[in-house]
Amino acid sequence: MTVRGETVLVLGGWGLVGRAVCHELMQDHPKRMVVCSLTKEEAEEAVRDLERERDQMNEADGEKIKTRFVAEWGDIFARLEFKDRNAREIKDNKDLEKIIDDTFNDLKKINLDRMFLYHMINKYKPAVVIDAINTATIVAYKDIYAATLDLRLKLEALEKAQAGSGDLDQAVRDIGHSIREHLSSIYLPRLIRHIQIMYLALKKVRTKFFVKIGTTGTGGMGLNIPYTHSEEKPSQKLLSKSAVAGAHSLLLFLMANTPDTAFTIEIKPAAAIAWKSIDHGTVKRGKTPIALYDNPPKKAFALGQYLSLDLPCAQAGDRIVDTGKALEAVYINTGENGLFSQGEFTAITTTGQMEYVTPEEIARNVRAELLGGNTGHDIITALKNSIMSSTYRAGFMRDMAIQRLNKLEKEHGESVAFEILGPPRLSKLLYEAYLLKQAYGTPEKIAAQTPADMAAKLEGLVTKNADLRQAIISIGVPILLSDGERLLRGPKIVSPPFRGDNQIPLTPRLVDQYCEEGWVDLRVANLAVWRQRIEKLTGLLDAVDWSKEGANTSSRFNRKNYLDESGKLNIGEIVGWIFNTEEGGSRMNFVPIKARPLKPLKQ
1 MTVRGETVLV LGGWGLVGRA VCHELMQDHP KRMVVCSLTK EEAEEAVRDL ERERDQMNEA
61 DGEKIKTRFV AEWGDIFARL EFKDRNAREI KDNKDLEKII DDTFNDLKKI NLDRMFLYHM
121 INKYKPAVVI DAINTATIVA YKDIYAATLD LRLKLEALEK AQAGSGDLDQ AVRDIGHSIR
181 EHLSSIYLPR LIRHIQIMYL ALKKVRTKFF VKIGTTGTGG MGLNIPYTHS EEKPSQKLLS
241 KSAVAGAHSL LLFLMANTPD TAFTIEIKPA AAIAWKSIDH GTVKRGKTPI ALYDNPPKKA
301 FALGQYLSLD LPCAQAGDRI VDTGKALEAV YINTGENGLF SQGEFTAITT TGQMEYVTPE
361 EIARNVRAEL LGGNTGHDII TALKNSIMSS TYRAGFMRDM AIQRLNKLEK EHGESVAFEI
421 LGPPRLSKLL YEAYLLKQAY GTPEKIAAQT PADMAAKLEG LVTKNADLRQ AIISIGVPIL
481 LSDGERLLRG PKIVSPPFRG DNQIPLTPRL VDQYCEEGWV DLRVANLAVW RQRIEKLTGL
541 LDAVDWSKEG ANTSSRFNRK NYLDESGKLN IGEIVGWIFN TEEGGSRMNF VPIKARPLKP
601 LKQ
């Protein structure tokens, strides 16, 4: 596609790669470019620089660039009320509870409009979203290992307090806080929720392309990487970053296999990325200058049995002296990785180490992929081309397996669902289709019924056939009878799933939800839905039936066998068809055909 005249959202637009992407795409004349960074100062600085670059390009080139730049800022992993706060500094228990809720609650319970990422995408409705944020670093460096160590220490303190040694009330408060800190640090739930929010936002505004600039976590190096964050090599913290980066790629692979959202691309540099600037000046760790201290040799510390890792000047007396100055040196600014000395940069980029790639090369690959080029650097495409997908032989053998199953069913009776594969909705749909098959057999007979007649017929079938009834409720799927007030059930119900409380509330809205998710529903409204499905299916069967006069015999139809040999419903194929068409749950490489318009329902 072209970004000309479109809105482009660049996450991490102040950073090294994000800025290069903005500059590269500017030449394609997007209508608006939203530059998002963590802080207001960063975002506004990036916009000022890009506006200056735009004006310089306009002076040099013929066609005037009219792109409008918009600054946005905040933590894209947070809700709106926390977007301008440092996530590592959120310590209040009530605030931590909100973060835990946003991470672990069912997605249906989350107010997406209060999540900053969802709010921003919905606000600007971009055609293209480019994510140049190092997601793996942000997620993994919440440091679950430190949180676990703190939790264990607090647990020991609680046990001592329970034994009479210490303040029990304080120990209870401390461990409660540590548990919250620990839960808010767990990596995968945070990453999964981030992807869920991104997917739903892109889907809602119909974004055309999503491009992720990923990471390997190690600059392309292996488990022998000499650069680490502790004496352990490689550190658990560093490997966590790589693990999150890999999980992120597989989640994006799933998003790319989802038909109803943006085309998804990931470019994953496997080297250090440099550089932003080369200069002499104050050396900062993050945004904080490195203070200069002195320890005169005459006041050296004698080594004893213990060593304090953190010793403030006030506790050291006059032995550690704060000079009041900051470290100044020649440095190269590598963006996210911070400032490197000449020696550090030389070591990390030498042959056999991380080496490096420039942000401009990454940005050019992003632009090339958006314009339809094949750079060879999209790892989502690489995964699609290298995985083993379904095969011709498996399709051939599938028919043989189904024939064998059909033969055994004729001897021993039909098998419908065991609730082992899941989800409960699969079992519910299979049994509802099976009941219709038992009651009426063919689509034509079902289509001739009223929903009220169907509800009465199926309830009579369940009432009379004890074996059928037992098979349904014994796998955890209850049966709601036609009046909507009586339930047939076994000792366990699988939907809704157990969430810590065995007693759950029931309201009309919740009953509808549970029926949708995993109850056999014999109410008139649900049978009306089934009759509509059969109407659609009848239209589809007419379209693909080669025996019909004037039928289209080309290969453009997926010629599924939705009926068995006797002309009755093939329940497995029908439920698969529901998942593919009605629920949009197909693989990316399957596009269902459209059925004929529905006829008015017979009441």
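In terms of the working numbering, the sequence shown is numbered consecutively and its last residue is 603.
Positions of the beta carbon are idealized from the N, C-alpha and C atoms, including for glycine.
Computed from a predicted model, the values in this text were never measured in an experiment.
| Asked | Found |
| --- | --- |
| Pairwise C-alpha distance: D75 and A401 | 52 Å |
| Residue from N105, T103, D92, V128 whose Cα sits closest to the Cα of V3 | V128 |
| Segments assigned alpha helix (DSSP H), at least 4 residues, entirely inside the segment 428-459 | 443-447 |
| Distance CB(E361)-CB(A272) smaller than 8 Å | no |
| Given 8 Å, three or more beta-carbon pairs between the segment 198-214 and the segment 250-269 | yes |
| Sheet register partners of A71 (DSSP bridge) | V35 |
| Euclidean distance between Cα positions of P597 and V529 | Confidence at P597 is low in this model, with a pLDDT of 41, below 50, so its placement is unreliable and the value that follows should be read with caution. Taking the straight line joining both Cα atoms gives about 15 Å. |
| Whether L11 touches D131 by CB criterion (8 Å) | yes |
| Nonlocal neighbours in the same chain, by C-beta distance under 7 Å from I534, ignoring five residues either side | P443, I446, A447 |
| CB contact flag (I278, K284, <8 Å) | no |
| Cβ pair L430, A439 closer than 8 Å | no |
| Close Cβ partners of K125 (< 6 Å) along its chain, the five nearest in sequence each way excluded | V205 |
| Bridge partner(s) assigned by DSSP for T7 | R32 |
| Bridge partner(s) assigned by DSSP for T288 | R285 |
| Coarse secondary structure for K241, derived from DSSP in three states | helix |
| Supposed contact pair V139 and R85 - C-beta distance, whole angstroms, cut 8 Å | Contact flag wrong, Cβ pair sits at about 17 Å. |
| Distance between D453 and E459 (C-alpha atoms, nearest Å) | 10 Å |
| Counted within 10 angstroms of its Cβ, other Cβ atoms place Y392 as buried (16 or more) or exposed | exposed |
| Continuous beta strand (DSSP E) stretch holding F263: start and end | 263-267 |
| Straight-line Cα distance separating R193 from V244 | 13 Å |
| Residue range of the unbroken beta strand (DSSP E) whose run includes T323 | 321-326 |
| Cβ contact (3+ pairs, closer than 8 Å) linking the segment 175-187 and the segment 87-101 | yes |
| At least three beta-carbon pairs within less than 8 Å, the segment 106-116 to the segment 151-166 | no |
| Cβ-Cβ separation, V17 to A302 (assumed contact under 8 Å), whole Å | With a Cβ gap of about 49 Å, A302 and V17 do not count as contacting. |
| Proximity below 8 Å, CB of V47 to CB of F69 | yes |
| M255 burial status per 10 Å Cβ neighbour count (16 or more: buried) | buried |
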